[in-house]
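Asker: Protein chains in written order, with the working numbering: chain A, 1 to 299; chain B, 300 to 544. The beta carbon of each residue, even a glycine, is placed where N, CA and C say it ideally should be. Below you will find the structure I want to go over with you.
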Amino acid sequence: MQKKIWQKINRVGAIGMIALLGAMPVELYAQQAWEPPRTVDGHPDLQGYWDGGPANASHSIEDGCCDVVHARMQSRTPDRLGLLEPLIIDPPDGRIPYQEWAEVKRTQLLYDMETPTELGHIDPEDRCLLLGAPRSNYRGDLEIRQTKDFIVILYEWAHAYRVIPMDGRAHVGETISMYNGDSRGRWEGDTLVVEARNFNDQVWLDSHGSFYSDKLRVVERWELVEGDAIRYEATIEDPNVFTRPWTLAFTMGRIGGDDYEFFEEACWEGVTNKHRLAAGRLAVEAGERQLHTHEEESQ
Amino acid sequence: MRISAPFVSVSVATSFLLALAVSEAEAQTPNLQGIWQAVNTAAWDIEDHSGSLGIPAGQGVVDGGAIPYQPWALLQKQENFTNRATADPLASCAMPGVPRITYMPYPFQILQFDDRILILYEYVHATRTIYMNGSDHPDGHIDFWMGDSRGRWEGETLVVDVIHFNDQTWFDRAGNFHSEALHVVERYTPRGPNHIDYEVTIEDPNVFTRPWTMRMPLYRRQEPNVQLLEYECYAYAEEDLAKDK
Numbered sequence: 001m002q003k004k005i006w007q008k009i010n011r012v013g014a015i016g017m018i019a020l021l022g023a024m025p026v027e028l029y030a031q032q033a034w035e036p037p038r039t040v041d042g043h044p045d046l047q048g049y050w051d052g053g054p055a056n057a058s059h060s061i062e063d064g065c066c067d068v069v070h071a072r073m074q075s076r077t078p079d080r081l082g083l084l085e086p087l088i089i090d091p092p093d094g095r096i097p098y099q100e101w102a103e104v105k106r107t108q109l110l111y112d113m114e115t116p117t118e119l120g121h122i123d124p125e126d127r128c129l130l131l132g133a134p135r136s137n138y139r140g141d142l143e144i145r146q147t148k149d150f151i152v153i154l155y156e157w158a159h160a161y162r163v164i165p166m167d168g169r170a171h172v173g174e175t176i177s178m179y180n181g182d183s184r185g186r187w188e189g190d191t192l193v194v195e196a197r198n199f200n201d202q203v204w205l206d207s208h209g210s211f212y213s214d215k216l217r218v219v220e221r222w223e224l225v226e227g228d229a230i231r232y233e234a235t236i237e238d239p240n241v242f243t244r245p246w247t248l249a250f251t252m253g254r255i256g257g258d259d260y261e262f263f264e265e266a267c268w269e270g271v272t273n274k275h276r277l278a279a280g281r282l283a284v285e286a287g288e289r290q291l292h293t294h295e296e297e298s299q
Numbered sequence: 300m301r302i303s304a305p306f307v308s309v310s311v312a313t314s315f316l317l318a319l320a321v322s323e324a325e326a327q328t329p330n331l332q333g334i335w336q337a338v339n340t341a342a343w344d345i346e347d348h349s350g351s352l353g354i355p356a357g358q359g360v361v362d363g364g365a366i367p368y369q370p371w372a373l374l375q376k377q378e379n380f381t382n383r384a385t386a387d388p389l390a391s392c393a394m395p396g397v398p399r400i401t402y403m404p405y406p407f408q409i410l411q412f413d414d415r416i417l418i419l420y421e422y423v424h425a426t427r428t429i430y431m432n433g434s435d436h437p438d439g440h441i442d443f444w445m446g447d448s449r450g451r452w453e454g455e456t457l458v459v460d461v462i463h464f465n466d467q468t469w470f471d472r473a474g475n476f477h478s479e480a481l482h483v484v485e486r487y488t489p490r491g492p493n494h495i496d497y498e499v500t501i502e503d504p505n506v507f508t509r510p511w512t513m514r515m516p517l518y519r520r521q522e523p524n525v526q527l528l529e530y531e532c533y534a535y536a537e538e539d540l541a542k543d544k
């Protein structure tokens, strides 16, 4: 009995010692910990220009870009093919957890995009549609501005923007659907948390037909981290399409100097899709159907 | 040169007072932030016009009534009017340019920062950054739909100088137009907490005989839950427009 008590005391003591030892470096670390620059309101200052996520992700968040034909067209070297860093961190296999029917539909879209016969077969990006959250954040460079009541994200691509109210107001009514969705933000410590909903079902998460429904909910976490970077994480939920919530994450680096400016990037004003549709219809009539794939890369 | 001590202290005091005055002036920079909208019929026709199907009648917003077109340009305007159903750049959902975007019947939001003012428009998610850091327009000519905007405060008035336009936008649905030599100067002057006097001077030696001005009030949207939504013109019209475009 006595031995047991002693063992217990010993164990508690050992735990205590470990805790003490553990706490000391943590405290020392905390004293030296990096402090983000802050706005007058005391929140991390995310303002400025940022690069838009890992290269190639907007083509496919699972596989990156591109096939050898595209690579030749864009003068890409072999080391620039594929996904340069994994985007989907959960599930661990890096794949979108589609429900069975949705996987079938997505595969269908991978055929349709090679021979589009209707607009819905063409990547929303090629149609200049607003790309919503999270895709806008890995499509190209972005600019963040903060006031007390709003966080504004401007995207150079197609002059898209998001206004994120920070005043705790409710979302718009359920029947309002938007390409960019409806965003509400709050600070959780030093992390900007944005909840977005009220999406429509017209936009894909990448050029690979990674579609979702109007039940999409996205929770984004924006955290300023050491090295003048933003760690971005988005948890994506859509009970109509996915088997479970899943998460993608990446780090954005700061770009531009003091006098850096975005230029107007008109998109729709210069786009044409009628020739793609005409070619797609001819190909389908001729029975020419093929799957969009990057298989050649591995050869 | 020997500077007497009293002179130094006077000059120090003066610069201190000046600094105070400057910071006070900065503190008093009008706050234009919020969601605004024009309430008039200028988007259809900036000059006097009778009502017609789908178009509300309206009195013009142009000082002195008529736009001072050069003779050839007046003929072009009339041709534009005849063909407006398809020739209006907005029929294919292009960005409306400045100043037309201001008086489209859609709200816009102004956000102010030390070095820039953002205007975000609901209509086709057009945006403008008005640089307030004393920078010059970039070298050009550049064909922007919304132009390049550089601003400054003149007392209570935000003055915005806009150049680098393309020749594709119109001033309204009635075919009033300009060339790429368009030079726009906008003046935003607050008149109380919920109104802005908006004055625009238009200069384009290729099209008009002299500079001319339009003016109108802008109204603060009062709904407590008001926010910008989306009007994605081309997305809605894409099916039709893709037949020819």
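#1: Check the DSSP bridge columns for Asp460/B and list the partner residues they point to.
#2: Is the beta carbon of Leu142/A less than 8 Å from the beta carbon of Gly257/A?
#3: I'd like to know if Ile61/A contacts chain B, where contact means its C-beta is closer than 8 Å to some C-beta of that chain.
#4: Using the DSSP secondary-structure output, state which residues sit across from Trp50/A in a beta bridge.
#5: From the DSSP output, in three-state form, read off Arg38/A for me.
#6: Applying the criterion that 16 or more other CB atoms from any shown protein chain within 10 Å of the CB defines a buried residue, is Glu85/A buried or exposed?
#7: With 8 Å as the limit, tell me which residues of the stretch 129 to 157 of chain A have their beta carbon closer than that to any beta carbon of chain B; keep them in chain order.
#8: Closer than 7 Å, Cβ to any Cβ of chain A: which residues of the stretch 464 to 495 of chain B, in chain order?
#9: May I have the straight-line CA-CA distance separating Leu527/B from Cys65/A, to the nearest angstrom?
#10: Where do the ends of the beta strand (DSSP E) carrying Ala234/A lie?
#11: Is there contact here, the stretch 40 to 49 of chain A with the stretch 139 to 153 of chain A, by at least three beta-carbon pairs under 8 Å?
#12: Residue ranges of each alpha helix (DSSP H) run of no fewer than 4 residues wholly in the stretch 344 to 405 of chain B, ordered along the chain?
#13: Would Gly280/A and His121/A qualify as a contact pair, given that the criterion is a beta-carbon distance under 8 Å?
#14: Just checking, does the stretch 154 to 166 of chain A make contact with the stretch 222 to 242 of chain A on the three C-beta pairs under 8 Å criterion?
#15: Are the C-beta of Tyr49/A and some C-beta of chain B separated by less than 8 Å?
#16: Leaving out five residues before and five after Gly261/A in sequence, what residues of the same chain have Cβ atoms less than 6 Å from its Cβ?
#17: Identify the contact partners of Trp444/B in chain A, using a Cβ-Cβ distance below 8 Å as the criterion.
#18: Within a Cβ cutoff of 7 Å, which residues of the same chain sit near Thr107/A, ignoring the five residues on either side of it in sequence?
#19: Any Cβ of chain A within less than 8 Å of the Cβ of Leu457/B?
#20: Please work out which residues of its chain come closer than 8 Å, Cβ to Cβ, to Gly82/A, disregarding the five sequence neighbours upstream and downstream, and give them in chain order.
#21: If contacts are defined as beta-carbon pairs under 8 Å, then Met548/B and Ala266/A qualify, I think. What distance do you get, rounded to the angstrom?
#22: Counting beta carbon pairs with one atom in the stretch 124 to 133 of chain A and one in the stretch 201 to 216 of chain A, are three or more of them shorter than 8 Å?
#23: Mind checking Gln327/B: buried by the 16 CB within 10 Å criterion, or exposed?
#24: Please confirm whether Leu277/A has its beta-carbon closer than 8 Å to some beta-carbon of chain B.
#25: Give the range of the alpha helix (DSSP H) segment to which Gly333/B is assigned.
#26: To the nearest angstrom, report how far apart Val397/B and Glu479/B are at their CA atoms.
#27: Using the Cα positions of Met113/A and Ile88/A, report the straight-line distance between them to the nearest angstrom.
#28: Starting from Ala160/A, find everything on chain B with Cβ-Cβ shorter than 7 Å and list it in chain order.
#29: In this structure, how does DSSP classify Gly270/A when only helix, strand and coil are distinguished?
#30: Excluding the 5 residues preceding and the 5 following Ile409/B in the sequence, name in chain order all residues of the same chain whose CB lies nearer than 6 Å to its CB.
Answerer: By the coordinates alone:
#1: Arg449/B, Val484/B
#2: no
#3: no
#4: Leu142/A, Arg254/A
#5: strand
#6: exposed
#7: Leu129, Leu130, Arg145, Thr147, Phe150, Val152, Leu154
#8: none
#9: 35 Å
#10: 229 to 237
#11: yes
#12: As far as the stretch 344 to 405 of chain B is concerned, its whole alpha helix (DSSP H) runs of at least 4 residues are 370 to 381, 383 to 386.
#13: yes
#14: no
#15: No, because no Cβ of chain B sits closer than 8 Å to the Cβ of Tyr49/A.
#16: The sequence given here places Glu at residue 261/A; Gly does not occur at that position. Taken in chain order, the list of residues that qualify is empty.
#17: Glu264, Ala266, Glu269
#18: none
#19: So, not an interface residue.
#20: Sequence-distant Cβ neighbours of Gly82/A in its own chain, meaning closer than 8 Å and more than five residues away, are Asn56, Asp63, Gly64, Cys65, His294, Glu297.
#21: No statement about residue 548/B is possible, as the shown extent of chain B runs from 300 to 544 and does not include it.
#22: yes
#23: exposed
#24: yes
#25: Unbroken run through Gly333/B is the beta strand (DSSP E), 333 to 337; no alpha helix (DSSP H).
#26: 12 Å
#27: So the alpha carbons of these two residues sit roughly 23 Å apart.
#28: For Ala160/A, the residues of chain B that pass the 7 Å Cβ criterion are His424, in the order they occur in the chain.
#29: helix
#30: Leu331, Gln332, Ile418
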